[in-house]
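Residue numbers (the UniProt record's numbering): 1 to 586. Cβ atoms here follow ideal geometry from the backbone N, Cα and C, with glycine treated the same way. Computed from a prediction, not measured in an experiment: that's the story for all the values here.
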C-alpha cells in the first residue's frame with residue numbers, strides 16, 4: 001500500500017465515531033516506522049487525519065494489551081468483589097452457588113448499564129490532573145496500561161489468597177503509582193483522593209450503622225416476639241416497601257441517559273419510587289403472604305416426613321413420684337438439651353406421658369415444628385428462680401445502664417425460630433439482587449475506567465475525554481466480571497459468607513440492605529466507594545450485636561491487613577510497570 005493511500009485511509013478513519021454501537025474498535029490499521037530515538041514515535045497534538053492514523057498504529061499494541069489487562073482486572077474483580085456481594089446469601093443457605101452466580105450475572109449487568117456511568121466519569125476524569133498530559137497523550141495512554149496491570153495483579157493475588165479486597169482501592173493505588181513515576185506529586189488531584197479516602201473510612205462505618213440499626217428494628221419487631229412468624233408477616237410488607245422504593249429511586253433519579261432518565265426531576269423520581277414501593281407491599285400482603293405462609297409450614301411437613309414419619313421417644317431415667325416433679329424437668333435442663341434438635345429439624349414437644357408412678361417417663365416428640373413457648377413455660381428452677389432457656393425470647397428491662405444494654409441487644413444464647421428465618425429468606429433473595437445491582441453500579445465502572453481513558457486517547461489522540469462511557473464497554477466489563485465469578489468466585493464467598501461470621505437469613509437481609517443502600521447512595525453522588533468495605537463493615541456490625549457466635553476476629557484481622565496493603569501494593573506494581581515503559585518506550 002502506498003503512503004498516499006495510507007494518509008487518505010487515515011483521514012477517513014479519523015471521522016468514524018468511537019462510541020457507536022456498530023463499531024467495537026475502529027477498523028483502519030496502519031503502519032509507521034518508529035523514530036530513531038525511541039521504540040515508540042513521539043507525537044505532538046493536535047493531530048490531523050494522517051498523524052492520527054500514525055499515532056493509532058504506533059499504539060495499537062497498547063490497545064490490545066489494554067483490553068487483555070482490563071479483562072484480567074474484571075476477572076479478578078468478579079472472583080473477589082462480586083463474591084462479596086452474594087457471599088452472605090450463600091452463607092445463610094438462602095441461595096445455592098449456582099443460583100447466586102445466575103442472579104449476580106443479571107444484576108451486575110443491570111447496575112452497570114443503568115447507573116454505573118457516573119462512577120466511570122469520576123474515576124477517569126477527576127482523580128488525575130490530565131492537564132499535565134495535554135501535550136503528551138502517549139504518556140497518558142501508557143499510564144492506563146500500568147493502572148490496569150497494577151490493579152489486575154493484586155486482585156488476582158488476593159483472590160487466590162481468599163481475601164476480599166477492594167477493586168476501587170486497587171485502581172486508585174495503581175493511578176497513584178503511574179502518576180508518581182511520570183509527574184511526581186503534581187500529577188495527582190489530591191483533593192479528590194482525600195474525598196475518596198474519607199469515603200473508605202466512612203463507608204464501612206455508615207454501612208455497619210445502617211445494617212445494625214435495621215437488625216435491631218427486626219429484632220424488636222419480629223425476632224424477640226412470642227409469635228415471631230405472625231409479627232414477621234406484618235413487618236415484611238414494610239421492608240419490601242423500603243427496598244423496592246429505594247432501589248427504584250436509585251435507578252430513575254439522575255439515571256441512565258440510555259433510558260432517558262437523566263433529566264427526571266426529584267419529585268417525579270420520589271413519586272415513582274413511592275408508587276412502586278406501595279405496589280410491592282400490596283402484592284406481598286394480598287398475593288404472596290398466604291403462599292409464603294403455606295410454603296413455610298409445608299416445608300416443615302415435608303421435612304418431618306423425610307424423617308421416617310415417626311415420633312421420637314426420649315426416656316428420662318429419673319423416676320416420678322406422686323408429689324414431686326422430677327428434678328431434671330423442674331430445672332429445665334433435660335428440655336434444654338433437646339433444643340439441640342432445632343439446629344437440624346424443628347421438633348415440637350406434643351405429649352407428656354408417664355406410664356406408671358415411679359417408672360421412667362418417655363417424652364414423645366413429633367416431627368412437625370419447634371415450639372418456643374414450651375421453653376418459656378419451663379424456665380423456673382426448683383427454688384422458684386427464673387432461668388432463661390435458649391429459646392426464651394423474654395428480655396426484662398432494668399433501669400440501670402447494664403440492665404438497659406442487656407435488654408436492648410439480643411441475648412447471645414438465644415436460638416432464632418427456624419420458621420421465621422425461612423420466611424425472611426424470601427426477602428433476602430431480593431436484597432441479594434439489590435446488593436448485586438449496587439455492586440454493578442459502582443465497581444463495574446471502576447474496573448473499566450482505565451480502558452475507557454485508553455481507548456478515548458487512542459481514538460482521538462487527545463487526553464480530553466468529553467464522551468459518555470459507551471454501553472458496550474460496560475458490557476465488556478460485565479462479561480469479564482461474570483467469567484471470574486463463575487470460575488473462582490467460590491473462594492471468597494467462603495470467607496465472607498461462612499468464616500467471618502455466622503449469617504442467617506435475618507442478619508443476611510440487614511447486612512445486604514445496609515451495604516446496598518450505602519453503595520447506591522455513593523454511586524448517585526459519583527463517589528467510587530468500596531462495596532467490599534460496605535459489606536464487611538455490615539457483617540462485622542451485625543455479627544457483633546446479634547445472637548450467636550459473633551465475629552471471627554482472626555479472619556477479620558486478615559481482611560483488614562489486606563485492605564491496608566491493597567493501595568501500596570497496587571501502586572508499587574503500577575509504578576514498576578510505568579518505570580519500565582518510560583525507560584524503554586518513551
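{"Query": "Touching by the beta-carbon criterion (3+ pairs, under 8 Å), the region 86-95 and the region 54-74", "Result": "no"}
{"Query": "Beta-carbon proximity of residue 143 to residue 573, cut-off 8 Å", "Result": "no"}
{"Query": "Residue 455 vs residue 496 beta-carbon contact at 8 Å", "Result": "no"}
{"Query": "Euclidean distance between Cα positions of residue 204 and residue 50", "Result": "51 Å"}
{"Query": "Residue 558: first and last residue of the uninterrupted alpha helix (DSSP H) it sits in", "Result": "553-584"}
{"Query": "Simplified DSSP state of residue 89, which is helix, strand or coil", "Result": "helix"}
{"Query": "Validate contact between the region 412-431 and the region 489-507 using beta carbons, cut 8 Å, 3 pairs", "Result": "yes"}
{"Query": "Top-ranked residue by Cα proximity to residue 137, from 416, 59, 287", "Result": "59"}
{"Query": "Residue(s) in a DSSP beta bridge with residue 188", "Result": "128"}
{"Query": "Meets three-Cβ-pair contact criterion under 8 Å: the region 429-438 and the region 402-418", "Result": "no"}
{"Query": "Alpha carbon of residue 471 to alpha carbon of residue 522, nearest angstrom", "Result": "21 Å"}
{"Query": "Residue 567 versus residue 477 - alpha carbon distance", "Result": "22 Å"}
{"Query": "Beta-bridge partners of residue 501, as assigned by DSSP", "Result": "551"}
{"Query": "Proximal residues to residue 164 (C-beta, below 7 Å), its chain only, five neighbours per side dropped", "Result": "80, 84, 492, 495, 496, 532, 536, 559"}
{"Query": "Endpoints, the alpha helix (DSSP H) within which residue 138 is located", "Result": "137-160"}
{"Query": "Per-residue DSSP class, three states only, for residue 115", "Result": "coil"}
{"Query": "Whole-angstrom distance between residue 539 and residue 215, CA atom to CA atom", "Result": "11 Å"}
{"Query": "Nearest residue (CA-CA) to residue 475, options 96, 224, 113, 275", "Result": "113"}
{"Query": "Three-state class that DSSP yields for residue 587 in the structure shown", "Result": "What is shown of the chain runs 1 to 586, which leaves residue 587 out entirely."}
{"Query": "For residue 468, the first and last residue of its enclosing alpha helix (DSSP H)", "Result": "Run containing residue 468: none; DSSP gives neither H nor E here."}
{"Query": "N-terminal and C-terminal residue of the alpha helix (DSSP H) that residue 396 is part of", "Result": "Here residue 396 belongs to no alpha helix (DSSP H), and DSSP marks it neither H nor E."}
{"Query": "DSSP-derived helix/strand/coil call for residue 524", "Result": "helix"}
{"Query": "C-beta contact flag for residue 277 and residue 220 at 8 Å", "Result": "no"}
{"Query": "Exposure label - residue 583; buried when at least 16 CB within 10 Å", "Result": "exposed"}
{"Query": "Sub-8 Å separation of residue 175 and residue 128 beta-carbons", "Result": "yes"}
{"Query": "Residue 223 versus residue 155: straight-line alpha-carbon distance, rounded", "Result": "39 Å"}
{"Query": "Integer Cβ distance of residue 481 from residue 108, believed to fall under 8 Å", "Result": "6 Å"}
{"Query": "Nonlocal neighbours in the same chain, by C-beta distance under 6 Å from residue 588, ignoring five residues either side", "Result": "Outside the displayed range of the chain (1 to 586) lies residue 588, so it cannot be described from this structure."}
{"Query": "Rounded straight-line distance, which links the Cα of residue 453 to that of residue 498", "Result": "38 Å"}
{"Query": "Continuous alpha helix (DSSP H) stretch holding residue 533: start and end", "Result": "531-545"}
{"Query": "Simplified DSSP assignment, three categories, for residue 591", "Result": "For residue 591 there is no data in the structure shown, the boundaries of the chain being 1 and 586."}
{"Query": "Contact set for residue 552: own chain, Cβ-Cβ below 7 Å, skip 5 residues either direction", "Result": "499, 500, 501"}
{"Query": "Beta carbon of residue 166 nearer than 8 Å to that of residue 449", "Result": "no"}
{"Query": "CB of residue 212 within 8 Å of CB of residue 578, strictly", "Result": "no"}
{"Query": "Which of helix, strand or coil DSSP assigns to residue 220", "Result": "helix"}
{"Query": "As assigned by DSSP and simplified to three states, the class of residue 422", "Result": "helix"}
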